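Visitor: At position 66 of the sequence shown (counting the first as 1) the number is 66 in full-length UniProt numbering, and the numbers step up by one without a gap.
This is the structure, below, for whatever I ask next.
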Amino acid sequence: MALPADVVSFRAKRDECDHFRGEEPADEARADFLEKALARTCTGTDAALAALKKRYADQPAVMAVLSNYDEGIE
Numbered sequence: 001m002a003l004p005a006d007v008v009s010f011r012a013k014r015d016e017c018d019h020f021r022g023e024e025p026a027d028e029a030r031a032d033f034l035e036k037a038l039a040r041t042c043t044g045t046d047a048a049l050a051a052l053k054k055r056y057a058d059q060p061a062v063m064a065v066l067s068n069y070d071e072g073i074e
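Rendered as structure tokens:
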């Protein structure tokens with residue numbers, strides 16, 4: 001099943017967010033980079049996830065994909 005475009009877009013942003021969330025900075029420059037990357041990729045994903053879950057509540061395949069993401073990460 002092909003996922004709806006808004007879910008595909010969410011996954012791309014949130015996967016990048018989760019990548020940066022899991023990284024420990026090696027130095028001050030990397031910490032600064034990570035702070036900016038987290039702001040760019042994570043901001044708004046809590047609300048987006050909630051909205052997508054509401055929109056696709058009746059579509060089990062989409063909900064299965066969305067259930068892989070943690071809520072309340074911002």
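The beta-carbon is built from N, C-alpha and C at its ideal position, and this holds for glycine as well.
Computed from a predicted structure; not experimentally measured.
Quick check: the Cα distance between Leu66 and Ala26, rounded to an integer number of angstroms?
Guide: Locating residue 66 in the sequence shown gives position 66, where the first residue counts as 1. Locating residue 26 in the sequence shown gives position 26, where the first residue counts as 1. Straight-line Cα distance between these residues: approximately 31 Å.
Visitor: Taking 8 Å as the limit between beta carbons, can you name the residues of its chain near Lys53, skipping five residues before and five after?
Guide: Position 53 of the sequence shown, counted from the first residue, corresponds to residue 53. The answer, listed in chain order, is Met63, Leu66.
Visitor: Nearest-angstrom Cα distance between Arg55 and Asp6?
Guide: In the sequence shown, the residue the question calls residue 55 occupies position 55. In the sequence shown, the residue the question calls residue 6 occupies position 6. Their Cα atoms are separated by approximately 11 Å.
Visitor: Roughly how far, in whole angstroms, is the beta-carbon of Leu49 from the beta-carbon of Glu71, given that I think they are within contact range, below 8 Å?
Guide: Position 49 of the sequence shown holds residue 49. Position 71 of the sequence shown holds residue 71. Right, the Cβ-Cβ distance comes to about 6 Å (below 8 Å), so this counts as a contact.
Visitor: With 16 other CB atoms within 10 Å as the buried threshold, where does Thr43 fall?
Guide: One-based indexing of the sequence shown puts residue 43 at position 43. Exposed, by the Cβ-count rule.
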